[in-house]
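Here is the structure we will look at, set down as structure tokens.
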Amino acid sequence: MIAANGSTPTGLPDRAANATRSPAALDLALTGNCTISALVNPTGAVVWCCMPRFDSTPVFDALLHSADGLPIEGAMSVELEGLTRTDQSYDPGTAIVRTRLWDDRGQGVELVDFAPRFITRDRVFRPAQLVRRIRPLSGHPRVRITVRPHGDWGAALPTVTRGSHHLRYELPELTLRLNTSVPLTYLIDGTWFSMHGPMSLLLGPDETLDGGIDDTAREFEEMTALYWRHWTRRLAVPLEWQEAVIRAAITLKLCQYEETGAIVAAMTTSIPEAPHSGRNWDYRYCWLRDAFFVVRALNSLSEVGTMEGYLNWLYNVVRGAGSGHVQPLYGIGLERDLPESIITRASGYRGMGPVRVGNQAQEHFQHDVYGNIVLGAAQAFLDHRLFRRGDMADFSALEVMGEQAWRLHDQPDAGIWELRTRARVHTSSTLMCWAACDRLGRIAQVMGAADRATLWKGRAEVIRKLILEQAWNDKRQAFVESLGGKDLDASVLLMAEVGFVSPKDPRFVSTVQALEASLCDGPFMRRYEAEDDFGRPETAFNVCSFWRVDALARIGRTDDARVAFEALLARRNAVGLLSEDLAPATGELWGNFPQTYSMVGIINGAVRLSAPWESAV
3 MIAANGSTPT GLPDRAANAT RSPAALDLAL TGNCTISALV NPTGAVVWCC
53 MPRFDSTPVF DALLHSADGL PIEGAMSVEL EGLTRTDQSY DPGTAIVRTR
103 LWDDRGQGVE LVDFAPRFIT RDRVFRPAQL VRRIRPLSGH PRVRITVRPH
153 GDWGAALPTV TRGSHHLRYE LPELTLRLNT SVPLTYLIDG TWFSMHGPMS
203 LLLGPDETLD GGIDDTAREF EEMTALYWRH WTRRLAVPLE WQEAVIRAAI
253 TLKLCQYEET GAIVAAMTTS IPEAPHSGRN WDYRYCWLRD AFFVVRALNS
303 LSEVGTMEGY LNWLYNVVRG AGSGHVQPLY GIGLERDLPE SIITRASGYR
353 GMGPVRVGNQ AQEHFQHDVY GNIVLGAAQA FLDHRLFRRG DMADFSALEV
403 MGEQAWRLHD QPDAGIWELR TRARVHTSST LMCWAACDRL GRIAQVMGAA
453 DRATLWKGRA EVIRKLILEQ AWNDKRQAFV ESLGGKDLDA SVLLMAEVGF
503 VSPKDPRFVS TVQALEASLC DGPFMRRYEA EDDFGRPETA FNVCSFWRVD
553 ALARIGRTDD ARVAFEALLA RRNAVGLLSE DLAPATGELW GNFPQTYSMV
603 GIINGAVRLS APWESAV
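Mapping of the sequence shown onto this note's numbering: position 456 corresponds to residue 458, and the numbering continues sequentially without gaps.
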């Protein structure tokens, strides 16, 4: 059954409604375990997976090689003879992906994909391993099962050696072992055969499997499902839009590389922000800006474990800063050097290169980073649930960041949108410098350091006056993107979120109206109106659309906020995920996937707009 808005009763878009999309579109499901992740397309092909880390060279890279979306090379696939339809979903409250394929004779096969994650021996077991279980649903479906990893971005094919019940794939970067109950000859030769019973594949490190293959796969699935359901049960979800919030929360958790605590901005590289735009970037790193918003969203659901892990990583960044300069992004292992290069042998997403590895933004000066650091750490000084609360040593380390914010608050930078050829004194950067000083003042008060509180509150007030005087443009009747500037920019909507102005301030209300008039296509909002290095943005930026939802709710236009929020939810893919960008005319998703900023917006919008539990129980 399809609702009037083109959604199923669950609120997810129906796959039939997307039938005109390219089979290579971002109708993908994410699975993972906070060590690795994988993207599974609607026919059950694993088209993207990096091992042994999120930012490693991909072992499955068909997403950036296969223009038609029907890959074999660079993928792990199950093809069904006579395929007529598919459906895909998550097991509720888990990161386990279930794909069903049906043929023209009514025979079907089910694929279950996950990465093991559960508690054993008093620790979280999360190996760099993908598990796939396959079973016939009816009849004896004919299938072809292939595992074709790539090395060196498709330049290297593996050397394959055969064991009794396993295959070894020797790649330049690593060696993988596939333990499987699928006949090895069929796997190696790509032979079509009839299925008569369940089969399993476990792909991961070149290590001996202790137990039976099918028994181990089944046990791992059961324990992984139990882990995620227990994790989900602890979330303090709002009454409305629970399924959307739970899916967003699980997705954000999967974006944390738990070994270090870093949170990546997205799992992919080089998905263009718009067709043939050249706006292709590598997001497999930890931006301090994005990570703060992730932590803040999960904290709103009472999920503080992610924050604890992130704080460990963050304090390593802060204490390693030396002179005080902090990059806007780092590698998940604290790598500072992330040189940007182009992989010419990969054609790119749907043939739309270039494919970039690394990110030149590491070289940028983005002054909002200091506010994001302090904001991300502030709760640690107040939250009594944490194993280790912030202490004076931590506060002193944050003060170094505050000194940078104070020194740089009125200096030009690349800004929140990481402009490569234009520097200005961006309002959003100055705003976050204010936030750094403001929160340090509050933390100092809590810590009993009255003199430091006075210092930081005084500095915050100086920055506040500067923003109010120079970021306001009388002609536009709005706060604008840079001090003394005239162009509109959605990032000024963060003024209310970080507590800089009251949302009922007439200047903020007027700003919201001006942004809607200039940047919105219906409920979808672009980032800014001025041309950048690549011209004017073509697509809406999903997090900006969610910022508008939040702003509308804060200023009292709750009905408008709910309409816009529902419109954004309807644009999620069939399993409830969002990328960075959206084409307003078609609803198609663009940009790296899944994007943490966008999934954060789902949580924030639901928490802001939901009716209270008391209204229903």
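For each residue, glycine too, the CB sits at the ideal point set by N, CA and C.
For the 9 Å CB-CB criterion, residue 271 and residue 338 do not form a contact. Residue range 544–556 is occupied by the alpha helix (DSSP H) that includes residue 549.
Collapsing the DSSP output to three states places residue 258 in a strand. Here residue 368 is near residue 418, since their CB atoms are less than 9 Å apart. Between the alpha carbons of residue 212 and residue 401 lies a distance of about 51 Å. In the three-state reduction of the DSSP assignment, residue 530 falls in the strand class, which pools E and B.
Spanning the alpha carbons of residue 207 and residue 449 requires a straight line of approximately 47 Å.
Per DSSP, residue 186 is one residue of the alpha helix (DSSP H) stretching across 186–191. Sequence-distant Cβ neighbours of residue 468 in its own chain, meaning closer than 8 Å and more than five residues away, are 411, 412, 432 and 485. Counting along the chain, no alpha helix (DSSP H) covers residue 145; the unbroken beta strand (DSSP E) around it starts and ends at 144–150. When Cβ pairs closer than 8 Å are counted between the two stretches, the stretch 132–148 is seen to touch the stretch 198–206, the count reaching three or more. Here residue 184 has 147, 201 and 203 as same chain residues with Cβ atoms under 7 Å from its own Cβ, once five neighbours each way along the sequence are excluded. Under the three-state reduction of DSSP, residue 301 is assigned to helix. When the beta-carbon positions are compared, residue 494 and residue 513 come within less than 9 Å of each other. For the 9 Å CB-CB criterion, residue 290 and residue 361 do not form a contact. For residue 201, the uninterrupted beta strand (DSSP E) run begins and ends at 201–207, by DSSP. Burial is judged here by how many other beta carbons sit within 10 angstroms of a residue's own beta carbon; residue 94 has fewer than 16 and is exposed.
Following the DSSP letters along the chain, one finds residue 117 in no beta strand (DSSP E), marked with neither H nor E. Three or more Cβ pairs drawn from the stretch 95–111 and the stretch 44–56 lie within less than 8 Å of each other, which places the two stretches in contact.
Relative to residue 299, the option among 350, 522, 399 and 552 whose CA is nearest is 552.
In terms of CA proximity to residue 520, 542 leads the group 542, 502 and 346.
By the CB criterion at 9 Å, residue 459 and residue 435 fall outside the cutoff. For the set 347, 287, 601 and 408, the Cα lying nearest the Cα of residue 340 is the one of 287.
Of 443, 466 and 533, the smallest CA-CA separation from residue 455 is found for 443.
Looking from the CA of residue 407, the closest CA among 462, 453 and 416 belongs to 462. For residue 90, the enclosing beta strand (DSSP E) covers residues 85–92. Its Cα nearest to that of residue 398, the residue 446 stands out among 343, 345, 446 and 474. Per DSSP, residue 482 lies in no beta strand (DSSP E) and is assigned neither H nor E.
Approximately 12 Å separates the beta-carbon atoms of residue 380 and residue 316; this is outside 8 Å, ruling out the contact. Rounded to whole angstroms, the Cβ separation of residue 557 and residue 614 is 20 Å, and the two are not in contact under 8 Å.
Taking C-alpha positions only, residue 268 is separated from residue 559 by approximately 32 Å. Taking a C-beta distance under 9 Å as the contact criterion, residue 97 and residue 252 qualify as a contact pair. Boundaries of the beta strand (DSSP E) harbouring residue 32: 31–34, taken from the DSSP string. A straight line joining the alpha-carbon of residue 609 with that of residue 563 spans about 12 Å.
Annotation: the continuous beta strand (DSSP E) that includes residue 132 extends over 132–140. Unbroken beta strand (DSSP E) stretches of 3 residues or longer found wholly inside the stretch 217–278: none.
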